[in-house]
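Each residue of the sequence shown is one higher than the one before, counting from 1 in the UniProt record's numbering.
The block underneath contains the structure these notes are about, expressed in structure tokens.
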Amino acid sequence: MARESGSDRLTESGLPIEPVYGPADLAGWDPQEKLGEPGSYPFTRGVYPTMYTGRPWTMRQYAGFGTATESNARYKQLIANGTMGLSVAFDLPTQMGHDSDAPIASGEVGKVGVAIDSLDDMLVLFDGIPLDKVSTSMTINAPAALLLLLYQLVAEEQGVPADKITGTIQNDVLKEYIARGTYIFPPKPSLRLIADIFAYCKAEIPKWNTISISGYHMAEAGASPAQEIAFTLADGVEYVRTAIAAGMDVDDFAPRLSFFFVSRTTILEEVAKFRAARRIWARLMRDEFGAKNPKSQMLRFHTQTAGVQLTAQQPEVNLVRVAVQGLAAVLGGTQSLHTNSFDEAIALPTEKSARLALRTQQVLAYETDVTATVDPFAGSYVIEKMTDEVEAAAVELMRKVEDFGGAVNAIEHGFQKNEIERNAYRISQETDAGERVVVGVNRFKLDEEEPYEPLRVDPAIEAQQAERLAKLRATRDQAAVDEALAALRAAAEGSDNVLYPMKEALRARATVGEVCNTLRGVWGAYVPTDAF
1 MARESGSDRL
11 TESGLPIEPV
21 YGPADLAGWD
31 PQEKLGEPGS
41 YPFTRGVYPT
51 MYTGRPWTMR
61 QYAGFGTATE
71 SNARYKQLIA
81 NGTMGLSVAF
91 DLPTQMGHDS
101 DAPIASGEVG
111 KVGVAIDSLD
121 DMLVLFDGIP
131 LDKVSTSMTI
141 NAPAALLLLL
151 YQLVAEEQGV
161 PADKITGTIQ
171 NDVLKEYIAR
181 GTYIFPPKPS
191 LRLIADIFAY
201 CKAEIPKWNT
211 ISISGYHMAE
221 AGASPAQEIA
231 FTLADGVEYV
241 RTAIAAGMDV
251 DDFAPRLSFF
261 FVSRTTILEE
271 VAKFRAARRI
281 WARLMRDEFG
291 AKNPKSQMLR
301 FHTQTAGVQL
311 TAQQPEVNLV
321 RVAVQGLAAV
331 LGGTQSLHTN
341 SFDEAIALPT
351 EKSARLALRT
361 QQVLAYETDV
371 TATVDPFAGS
381 YVIEKMTDEV
391 EAAAVELMRK
401 VEDFGGAVNA
411 IEHGFQKNEI
421 ERNAYRISQE
431 TDAGERVVVG
441 VNRFKLDEEE
451 PYEPLRVDPA
461 IEAQQAERLA
471 KLRATRDQAA
481 VDEALAALRA
491 AAEGSDNVLY
501 PMKEALRARA
511 TVGEVCNTLR
521 GVWGAYVPTD
531 AF
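Laid out in structure tokens, this is it:
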């Protein structure tokens, strides 16, 4: 929602939008340097030569609530309705590495995602869903290694080899310190854990995308498009450096890196943002890190429509917003897409609203002509100019991050958080003043909102999960659990890859909380400091 000020318009990044663009705006502009061909460096026009002309993007729907049984039923409904990939939402205790019966988890079990405490819950979550036939994305960060290993153990129970499972773990802990807050360990051991995941997947789960470096949550916290890609790519640089410092060759892990961005209603700038991000990453990987494999230079990304732009007022209007946002993501060349449900500003999506969100993608893919040609906006005066401008603004922000010594040092100084909060405050001021139009909120309001019955999570879930945990602890081989956790502790204290003993602990029915507490005992827990 770009700001209006008289006859002037600014992009979300604060860059001017001219009334008319033409050849003069691209004077001295080299198409080969800026564009190349689709599927070729610098990948401005897309990472694949044919893009959607061969097949559409992967249609994912982010879902998870209550118990594993309830979420499993929702996944099966989504698959039956045409979802091409699953995307798992976990509840807050799981995201923070706590069991459902931990005192700190009280009131949060199953509320914003599914509660997963052990392998038993994970087996229920994917019961009847063949893991060699679906691709699964899991939005999990600090405990990402645990959920990946639980997924692998479920595949083993199904008789599916690890080299046949595909999907993504978000695993992007740096943005948690910047914008989201579901961190567990301090930055340095968190980066060590990520490097261990990279190495483990290269050896054991070769088709898995080991990280989804996320700008989405920064955008939800108020980041502009330029800030979103700048701080996300700066985090990506930090992960690449960490893996190289751990002894890995860039071309051994970089092809499995992926990214996660938001798509707002401002179509033109969003398309420019995606194009700029691909170009910046390709140049970084080739020139700074010496990546030879073209797949290492490709910025592949998942997109989710902008939850922060959804409104509780006149929620059906969100159907229009989501359709526009989804179109922006497709025109920008996303590899997979989640479209938000219209009622998400009120509560978790109902089955009907989740189905409508999926239908939105299906209309874009099968009823429009945007999939008939690769990169429909290539050569557009306004898009190419905006791409250059967003790129320049993002590169300047990345330079400032480097001036701190990289993303981790900048985080410790509060730089990214401070910049995002400043932009969020600007957006709030513009909305309150009516300069930024939000339909149904500060203009075109109704005198009285129509009633809406949201989906509600049964509070009894917390007691049910506690009962499952009590039964688990009473029936498992406690000696085997203790032995496995001791091996995990020893690996964490030393330099061995922690995922191997972690997997055996989970196989023995150690809980998510027990595994995370073992690592907390060695690495400590992160306590943020406000530097500004």
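Even for Gly, the Cβ is constructed at its ideal location relative to N, Cα and C.
- With respect to the C-alpha of Leu299, the residue from Ile165, Gly333, Val457 having the closest C-alpha is Gly333.
- Spanning the alpha carbons of Pro31 and Gly406 requires a straight line of approximately 32 Å.
- In the three-state reduction of the DSSP assignment, Trp29 falls in the coil class.
- Rounded to the nearest whole angstrom, the C-alpha separation of Pro528 and Ala276 is 32 Å.
- When C-alpha distances from Ala347 are compared across Gln313, Ala27, Val320, Pro376, the shortest belongs to Gln313.
- The beta carbon of Glu504 lies closer than 6 Å to those of Ala484 in the same chain, with the five residues before and after it left out.
- Straight-line spacing of the CA atoms in Ile104 and Thr94 works out to 11 Å.
- Restricting attention to Gly494, Met138, Glu316, Ala510, the CA atom closest to the CA of Ile211 is found in Met138.
- Judged by DSSP in its simplified three-state form, Gln304 adopts strand.
- When beta bridges are read from the DSSP output, Trp208 appears opposite Gly167.
- Inside the region 107 to 149, DSSP marks whole alpha helix (DSSP H) runs of 4 or more residues at positions 119 to 125, from first to last along the chain.
- One alpha carbon belongs to Ser106, the other to Glu462, and they sit about 8 Å apart.
- In the structure shown, Leu397 falls within a helical segment according to DSSP collapsed to helix, strand and coil.
- Fewer than three pairs of CB atoms, one per stretch, sit closer than 8 Å, so the region 247 to 267 makes no contact with the region 429 to 447.
- When the beta-carbon positions are compared, Leu488 and Pro501 come within less than 7 Å of each other.
- The closest CA to that of Pro49, considering only Gly307, Ala394, Thr371, is found on Thr371.
- DSSP lists Thr305 as the bridge partner or partners of Ser263.
- Between Gly46 and Pro38, the C-beta spacing is below 7 Å.
- In this structure, Val441 lies away from Leu146, with their beta-carbon atoms at least 7 Å apart.
- Inter-residue distance for Tyr62 and Ala492 is about 32 Å (C-alpha atoms, whole angstroms).
- For the pair Tyr21 and Tyr425, the CB atoms are not nearer than the 7 Å cut-off.
- For the pair Met122 and Leu148, the CB atoms are not nearer than the 7 Å cut-off.
- In this structure Gly290 is exposed. Its beta-carbon is surrounded by fewer than 16 other beta-carbon atoms within 10 angstroms.
- Rounded to whole angstroms, the Cβ separation of Ala221 and Ile420 is 5 Å, and the two are in contact under 8 Å.
- Bridge partners of Ile213 according to DSSP: Phe259.
- About 5 Å separates the beta carbon of Ile165 from that of Ala155, a gap short enough to meet the 8 Å contact definition.
- Positions of the beta strand (DSSP E) runs, each at least 3 residues long and wholly inside the region 68 to 97, are given as 85 to 89 in order along the chain.
- Leu268 has no beta-bridge partner at all, per DSSP.
- DSSP assignment within the region 324 to 399 yields the following whole beta strand (DSSP E) runs of 3 residues or more, N-terminal first: 336 to 338.
- At a cut-off of 4 residues, the continuous stretches assigned as alpha helix (DSSP H) that sit fully inside the region 447 to 504 are 461 to 475, 478 to 493.
- Shown here, Thr518 sits in a helix according to DSSP, grouped into three states.
- Shown here for Ile411: same chain residues with a beta carbon closer than 8 Å to its own, the five before and five after excluded, namely Leu174, Tyr177, Ile178, Pro187, Lys417 in chain order.
- Between Asp120 and Phe342, the alpha-carbon positions lie close to 33 Å from each other.
- Assignment of beta-bridge partners to Ala63 by DSSP yields Val88.
- For the pair of segments examined, the region 11 to 19 was found to touch the region 263 to 270: the number of CB pairs separated by less than 8 Å reaches three.
- When the five nearest sequence neighbours on each side are left out, the beta carbons in the same chain lying within less than 7 Å of the beta carbon of Glu316 are those of Phe342, in order along the chain.
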